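The numbering used here puts the sequence shown at residues 42 to 289.
Ideal placement from N, C-alpha and C gives every residue a C-beta, glycine not left out.
Since we're looking at a predicted model, the values are computed, not measured.
To start, the structure under review is shown below, and the notes come after it.
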Amino acid sequence: MQDVNALFFNHASVKDNGINFDLASVIQTVDAIARINNQSCFVIDFDNHELLYRSEQLVYIDEATLNDKRRECANPYWSLISEETLDKLLMIKNYYPEVDERFSLEEYANHVNTIDYPIILRNHELFINQKFTPLQMRSDAITKIGLFTINYSNKKNIESTIITPSGKRFIFDFAQKRYQEYDLGITLTLVEKAILHRARQGMTNEEIAKNLFISVNTVKTHRMRIFKKLQVETITEALAVVGNYQLL
42 MQDVNALFFN
52 HASVKDNGIN
62 FDLASVIQTV
72 DAIARINNQS
82 CFVIDFDNHE
92 LLYRSEQLVY
102 IDEATLNDKR
112 RECANPYWSL
122 ISEETLDKLL
132 MIKNYYPEVD
142 ERFSLEEYAN
152 HVNTIDYPII
162 LRNHELFINQ
172 KFTPLQMRSD
182 AITKIGLFTI
192 NYSNKKNIES
202 TIITPSGKRF
212 IFDFAQKRYQ
222 EYDLGITLTL
232 VEKAILHRAR
242 QGMTNEEIAK
252 NLFISVNTVK
262 THRMRIFKKL
272 QVETITEALA
282 VVGNYQLL
C-alpha cells in the first residue's frame, strides 16, 4: 500500500537558501486569499514534511462522512482518494523533477502545477482541481515551502498540467510517464475575456452589456461561444476552468 504522505515529502537533504522569509506574513496573505476566493488553501513545509497552514473553510469536505475517509493524512482531500488515484498522483510526483530541468530557476520558482483528480464522497467520484506553486525555494532549486489550493473541476479524468509564467504548458502523459509540452488549443478573444472578467466580479448579463456598451444578446452570444470553447455548460464552470488553467 502506498503512503499518501509521500505526496508532500521532499526526500532531499535540507539546504538553507539564506533568504529572509516572513512566513507569518505569507500565511496571513494566503488566509485572506482563502476567504476572498472561497478556496481551500494549504501551506506545506516540504523539508520538514509539515503542514504549516490550512484554511478554516474547506470546500466539499463538510460533505464527507466517516465511511468516506480511507486513511489518515494532513491533507483531508488525500484522505478521500482511492488507492488507484493515489498510485497515479505518486507517479506524477515521481516524474515531476524531470520537467524542472527544462525550466530556468525563475520559471520554476513561479510555475503552477494544476492536477485534476477525484475524491470519493458517499461512494461517488467528485473531481477537484488542485493547484500548487512554490513560495520559497532552496539554494539547490528545490521547493522548500509551497502553496496548494483546491477548487471545483469539470474534468472526468486525472490530468496534471504545468504552466510557466511565459505561458508554456506541459501535460503529464501516463503512457510515456513524462510531461510533454502541448498547446491547450483554447484562445479567448478580448471581448470574451472582458465578459469573463466582469462575470467573475458577479455582474449579470445586463450589467456586463451596459459596462461594455454592447447589447444583452451580444453578451449571450459571446457566452455561448465561451461555453463551447471551454466545453462547459454554465458560467460557474467557465470561471472555474479559466481560473484553474490561467486563461485570463
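- DSSP places GLY187 in the uninterrupted beta strand (DSSP E) bounded by 184-193.
- The continuous stretches of alpha helix (DSSP H) do not include GLU104, and DSSP gives it neither H nor E.
- Going by C-alpha positions, THR205 is about 29 Å away from GLU97.
- Using a Cβ-Cβ distance cut-off of 8 Å, the stretch 213-220 and the stretch 81-99 are not in contact, since fewer than three pairs of beta carbons, one from each stretch, lie closer than that value.
- Comparing C-alpha distances from ASN164 to each of ALA47, ARG143 and THR106 shows the shortest one belongs to THR106.
- Pairwise C-beta distances place the stretch 164-181 out of contact with the stretch 221-229, as fewer than three of them are shorter than 8 Å.
- Taking the Cα of ASN135 as reference, the smallest distance to any Cα among THR184, LYS218 and THR70 is reached at LYS218.
- In this structure, ILE156 lies near ILE133, with their beta-carbon atoms less than 8 Å apart.
- Runs of the beta strand (DSSP E) lying entirely within the stretch 127-176, each at least 3 residues long, are 153-162 in chain order.
- Shown here, GLN69 sits in a helix according to DSSP, grouped into three states.
- Residue pairing for THR202: DSSP places it in a beta bridge opposite THR155 and ILE212.
- Beta-bridge pairing by DSSP links ARG219 to ASP214.
- Here the alpha carbon of ARG264 sits roughly 33 Å from the alpha carbon of THR70.
- Residue range 257-271 is occupied by the alpha helix (DSSP H) that includes LEU271.
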